[in-house]
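For the sequence shown, the positions run 686 to 768 when this note's numbering is used.
Think of the CB as a built atom: it goes at the ideal place given N, C-alpha and C, for glycine as much as any other residue.
In this text the structure is predicted, and so the values were computed from the model without any measurement.
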Amino acid sequence: MSPIHPPIAPSDPRMRDYTTPQVTNLLRELRERGRPFGILWGSAAATETTLDGRVLVDFGNAPVSTLLNLLHLLRDIEGDEPG
Numbered sequence: 686m687s688p689i690h691p692p693i694a695p696s697d698p699r700m701r702d703y704t705t706p707q708v709t710n711l712l713r714e715l716r717e718r719g720r721p722f723g724i725l726w727g728s729a730a731a732t733e734t735t736l737d738g739r740v741l742v743d744f745g746n747a748p749v750s751t752l753l754n755l756l757h758l759l760r761d762i763e764g765d766e767p768g
């Protein structure tokens, strides 16, 4: 079973390191993992817009931390932590 992850804050300095291609891959994973739970964001995409150096995700301009927190929850539910 995977460990429970504490939420990542939008101001976490690590959020500045994510690139648009990386965020796009995370969104792809979210769509795959979220589908069985009814999490559908077909139009979500990484934007070229940044806020204080962080890439925003276009589903209400959410920070990458929101995407990562959702993925951590789904991974914890599935008991599947990557690599």
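- By alpha-carbon distance to aspartate 761, the top candidate from Leu736, Arg718, Val749 is Arg718.
- Each of Arg713, Pro695, Leu753, Ile693 was checked against the Cα of leucine 725, and the nearest Cα belongs to Arg713.
- Scanning Pro698, Leu758, Tyr703, Gly764 for the CA closest to the CA of leucine 741 turns up Tyr703.
- According to the DSSP assignment, threonine 709 belongs to no beta strand (DSSP E) but to the alpha helix (DSSP H) extending over 705 to 719.
- In this structure, threonine 705 and alanine 747 do not form a Cβ contact; the two beta carbons are roughly 15 Å apart against a cut-off of 8 Å.
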